[in-house]
Amino acid sequence: MPADIDIERVAHLARIALTEDELAAYSEQLVHILEHAERVQALPTDGVEPTSHPLPMVNAFRADVVTASLARDEALAGAPDAENGYFRVPKILDES
Amino acid sequence: MSDLADLTIARAGTGLRAGEFTAVDLLEAVERRAAVTEAHLHAYLTLDREGSRAAAEAADAALASGDARPLLGIPIALKDNMVTKGVETTASSQILAGWKPPYDGTAVRRLKDAGAVIVGKTNLDEFAMGSSTENSAYGPTRNPWNTDTVPGGSSGGSAAAVAVGSALGAFGSDTGGSIRQPASLTGTVGAKPTYGLVSRYGLIAFASSLDQIGPIARTVPDAATLLESVVGWDPMDATSYNGEIPAISRSLDGGVAGLRIGVVTELTGAGIDAQVLAATRRVVDRLADAGAEVVEISLPAIEYALSAYYLIAPAECSANLARFDGVRYGLRVDGATTEEMMAKTRAEGFGPEVTRRILLGTYALSAGYYDAFYGQAQRVRTLLRNEFTSAYEQVDVLVSPTSPTTAFEIGAKTADPLTMYLTDICTIATNLAGDPAISVPVGLDDAGLPIGFQIMAPALGEEVMFQVAAEVERLATFVERPRLATSKVVAP
Chain A
1 MPADIDIERV
11 AHLARIALTE
21 DELAAYSEQL
31 VHILEHAERV
41 QALPTDGVEP
51 TSHPLPMVNA
61 FRADVVTASL
71 ARDEALAGAP
81 DAENGYFRVP
91 KILDES
Chain B
1 MSDLADLTIA
11 RAGTGLRAGE
21 FTAVDLLEAV
31 ERRAAVTEAH
41 LHAYLTLDRE
51 GSRAAAEAAD
61 AALASGDARP
71 LLGIPIALKD
81 NMVTKGVETT
91 ASSQILAGWK
101 PPYDGTAVRR
111 LKDAGAVIVG
121 KTNLDEFAMG
131 SSTENSAYGP
141 TRNPWNTDTV
151 PGGSSGGSAA
161 AVAVGSALGA
171 FGSDTGGSIR
181 QPASLTGTVG
191 AKPTYGLVSR
201 YGLIAFASSL
211 DQIGPIARTV
221 PDAATLLESV
231 VGWDPMDATS
241 YNGEIPAISR
251 SLDGGVAGLR
261 IGVVTELTGA
271 GIDAQVLAAT
281 RRVVDRLADA
291 GAEVVEISLP
301 AIEYALSAYY
311 LIAPAECSAN
321 LARFDGVRYG
331 LRVDGATTEE
341 MMAKTRAEGF
351 GPEVTRRILL
361 GTYALSAGYY
371 DAFYGQAQRV
381 RTLLRNEFTS
391 AYEQVDVLVS
401 PTSPTTAFEI
411 GAKTADPLTM
421 YLTDICTIAT
431 NLAGDPAISV
441 PVGLDDAGLP
451 IGFQIMAPAL
461 GEEVMFQVAA
471 EVERLATFVE
481 RPRLATSKVV
491 AP
């Protein structure tokens, strides 16, 4: 278990822009919480299958038929910015 | 007649069908109650006055033609992480401020189809992450039994509304105890169904392998009625259960004679408040007197449940909350590039607890740590399920306190996240196992705050769970109501 965390990298992966002070505070709290979580490491689990879903269910299939979906205007209604029927975002590629 | 806002759903339904009062009368009584209590409690984020009025009028028309469905005309509240078409849905987050969804979630749709009158949307810890309803971007909800204390969480708004009569029933969501713990702290009944029994379509996702929608009500039969109206397979949720649905309310009058009840050793000792423990023991003794066979059951893996939960839930939350990126809905903070816009939007839109869990989950899922954290937690989950499975070979239900303490003061546990996490020690294991559990109020402590009793059952064991819960309710004869539930209280 790591004693410290590369919090800048984690915040970047999570796409959350944090200040230096916030990064330091979260780093400290995460280490504290992970110390508690360390307890699960102590349990022997060799040969134990992980549980991802509590009920024994297999894939749920549906008929491959076309059904109604949201109208485009409805889907765009909550968007912070939209244009010509598309979601609009700032430039993605770093070129001018 | 007493105030209509104090009726149970069962009694209100009888009155509506007999023509003693109308659905509009009932809605107005609930709105009058809210007008007095909201200034003290802040249980609601949104009151849908137009929609509820229209639904009540439609219910009255249906009642006049002899429609006798149990929820027809009944005013209920929905936790604000349940998506409601055209009615603002925020999950108590700034990042969704002002969002009016273009669709209804499946549970919401089913309630509307059942004729229920949706009064409004209730406060929660942001994205259901918390145990006190203090982590709301719109301010905390207070406990109607003592407004210096929290109502529990994360479904604290729903629980407070039901306790005080600003709704006759409500729905919440339970990922680690978020229905049962607030029910316990507010003297109401709250049930988390078997994972998959209620569709999660339109429930804003927190931890998808744990989240379940469930009812909060003033009585066990009312909770059963609410749950029955929303269960069942849904093609929109691939994890919803497509087998036979349990007969939830069939055995409410069945009593406990001959049933085997296991008291969970690990949840009835150290770490549990003495008065809560004493109340739990009293109920267990009465169950034995009523003919149940009571045994002690040890579930050693429960000790690891909290640790496993705080790896699994943040990991899943970090993936689920990636969708809040300032593109399709909600808040956007401008940036020079899309990535900068997203990072600024998320920094501004998420509160501290949500940010903390996203960071924790992102770390736990990042390269090199996945198996040590998430994988190991999922294996611990299997160990826990195995212990529950062997326990249910010996007993029909397991029991414990719902919460280690009664309601705590606002601000008492906000400084240290771990202290807050520990309030869920009695409820988390059933979420990890995927099993159902219910909290029933059984008394008050010396400070006049409610104590809840938890009944856990094997997956799809809702029938026996509600059967025991109904008997606990009869044996405990908990009839007290919070001071704020009288209409004499004056708004500040």
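Quick mapping for you: the protein sequence lines, in order, are chains A and B. Every letter in the first sequence is one number past the one before it in this note's numbering, and letter 34, counting from 1, is 34. Every letter in the second sequence is one number past the one before it in this note's numbering, and letter 289, counting from 1, is 289. Just so you know, even glycine gets a beta-carbon here, dropped at the ideal spot from N, CA and C.
Between the CA atoms of residue j and residue i - distance to the nearest angstrom
i      : j      : result
B/E126 : B/D48  : 21 Å
B/P482 : B/T188 : 11 Å
A/T51  : B/E303 : 18 Å
B/Y406 : B/A56  : As written in the sequence, residue 406 of chain B is Thr, which differs from the Tyr given in the question. Near 36 Å, if we compare the C-alpha coordinates of B/A56 and B/T406.
B/S131 : B/E480 : 24 Å
B/S178 : A/Y86  : 38 Å
B/V164 : B/A485 : 5 Å
B/D234 : B/V354 : 29 Å
B/K100 : B/V83  : 9 Å
B/T382 : B/D211 : 18 Å
B/F408 : B/D416 : 14 Å
B/L384 : A/E22  : 36 Å
B/V333 : A/R72  : 24 Å
A/E49  : B/L321 : 27 Å
B/L252 : B/L287 : 15 Å
B/R142 : B/L41  : 5 Å
B/Y529 : A/V58  : This structure does not reach residue 529 of chain B, given that chain B is present from 1 up to 492, and the question cannot be answered.
B/G157 : B/P144 : 11 Å
B/A358 : B/I213 : In the sequence on display, residue 358 of chain B carries Ile and not Ala. If I take the Cα positions, the gap works out to 22 Å.
B/T37  : B/D445 : 23 Å
B/I261 : B/T194 : 19 Å
B/Y138 : A/V66  : 41 Å
B/D371 : B/G66  : 59 Å
Whether residue i touches residue j by CB criterion (8 Å)
i      : j      : result
A/R15  : B/M342 : yes
B/V117 : B/P70  : no
B/I95  : B/V162 : no
B/A347 : A/A63  : no
B/G330 : B/G349 : yes
B/A437 : B/K79  : no
B/N135 : B/M129 : yes
B/L45  : B/T14  : no
B/S173 : B/N81  : yes
B/G202 : B/S240 : no
B/G452 : B/S403 : yes
A/A75  : B/P102 : yes
B/S166 : B/R33  : yes
Neighbourhood of residue i by C-beta distance below 8 Å, restricted to the same chain and skipping five residues each side
i      : result
B/R250 : E463
B/T319 : In the sequence on display, residue 319 of chain B carries Ala and not Thr. Cβ within range, chain order: G361, L365.
B/V24  : R53, A56, E57, D60
A/A25  : none
Contacting residues, own chain, Cβ-Cβ under 7 Å from residue i (five flanking each side not counted)
i      : result
B/A207 : T175, I312, A313, E316, C317
B/K488 : A caution first: B/K488 carries a pLDDT of 49, below 50, which makes its placement in the model too unreliable to give a value.
B/G98  : E88
B/R17  : L63, A68
Residues near residue i by beta carbon distance below 6 Å, same chain, minus five either side
i      : result
B/T265 : E296, S298
B/V490 : Residue placement at B/V490 cannot be trusted, given a pLDDT of 44 that sits under 50; what the coordinates show is reported in the next sentence. For B/V490, where only same-chain residues beyond five positions count, there are no Cβ hits under 6 Å.
A/M1   : For A/M1, the predicted model reports a pLDDT of 49, less than 50, meaning its position is unreliable; a value from the coordinates is still stated below. Only E38 meet the Cβ criterion.
Interface residues of chain A facing residue i [CB-CB closer than 8 Å]
i      : result
B/S318 : A14
B/T337 : P90, K91, I92, D94
B/M82  : The premise fails here: B/M82 is roughly 17 Å from chain A at the closest Cβ pair, so nothing lies under 8 Å.
B/A238 : N59, A60
B/R332 : P80, D81
B/K344 : A17
B/A459 : P54, L55
Where residue i meets chain A, residues with beta-carbon distance less than 7 Å
i      : result
B/Y329 : G78, A79
B/L418 : H32, I33, H36
Beta-carbon neighbours of residue i, restricted to chain B and to distances below 8 Å
i     : result
A/Y26 : T355, R356, L359
Listed by chain order, chain A residues near residue i by CB distance under 9 Å
i      : result
B/Q376 : V40, Q41, L43, T45, P50
B/N242 : M57, A60
B/R385 : T51, P54
B/V382 : The identity of residue 382 of chain B in the sequence shown is Thr, whereas the question assumes Val. Ordered by position in chain A, the residues that pass the 9 Å Cβ test against B/T382 are T45, V48, E49, P50, T51.
B/K192 : Within 9 Å Cβ-Cβ: nothing; B/K192 doesn't reach chain A, min ~12 Å.
B/R11  : Residues of chain A passing the Cβ test: none, with the nearest at roughly 36 Å.
B/G196 : H53, P54, L55, M57
Neighbour list for residue i in chain B, Cβ cutoff strictly below 9 Å
i     : result
A/E74 : P102, Y103
Test: residue i CB closer than 8 Å to a CB of chain D
i     : result
B/A68 : The question asks about chain D, but that chain is absent: this structure's protein chains are A and B.
Would you be able to state if there are at least three C-beta pairs under 8 Å between the region 419-432 of chain B and the region 280-292 of chain B?
-> no
Three or more beta-carbon pairs under 8 Å between the region 449-456 of chain B and the region 397-411 of chain B, yes or no?
-> Yes: at least three Cβ pairs fall under 8 Å.
With contact counted as at least three CB pairs below 8 Å, one residue from each stretch, are the region 464-474 of chain B and the region 218-232 of chain B in contact?
-> yes
May I ask you to verify whether the region 145-164 of chain B touches the region 406-425 of chain B, counting CB pairs closer than 8 Å and requiring at least 3?
-> Proximity of the region 145-164 of chain B to the region 406-425 of chain B meets the contact definition, three or more beta-carbon pairs being nearer than 8 Å.
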